[in-house]
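The working numbering applies: residue 902 is where the sequence shown begins, and numbers increase by one.
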Amino acid sequence: MNGRSPLLTIELYHSEASGFDIISIGTAWRLIMYKDEIVEEIHRIREEYSRSFNHDLKAIFADLQKQQAESGMKVVD
Numbered sequence: 902m903n904g905r906s907p908l909l910t911i912e913l914y915h916s917e918a919s920g921f922d923i924i925s926i927g928t929a930w931r932l933i934m935y936k937d938e939i940v941e942e943i944h945r946i947r948e949e950y951s952r953s954f955n956h957d958l959k960a961i962f963a964d965l966q967k968q969q970a971e972s973g974m975k976v977v978d
């Protein structure tokens, strides 16, 4: 190798349980792990919203339904 990380990795695994060979294809980790401020902000807001309902999915769904009824716009399906 030339000392640089590969742009694409291909790995072959053999599963004894299924008897099949499994091929894993991926990109170099450093290429896909970058910081996107917008995505980070969305994750932060989503976490805060979820935490405000103690991560209770039924309560979150009820709140979204309420927002939908009040706004007249489709929020949840």
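Ideal Cβ placement from N, Cα and C applies to all residues, glycine included.
In the three-state reduction of the DSSP assignment, Val940 falls in the helix class.
Contact annotation, Ile943 with Ser951: C-beta distance approximately 12 Å; criterion of less than 8 Å not satisfied. In the three-state reduction of the DSSP assignment, Asp964 falls in the helix class, which pools H, G and I. Under the three-state reduction of DSSP, Lys959 is assigned to helix.
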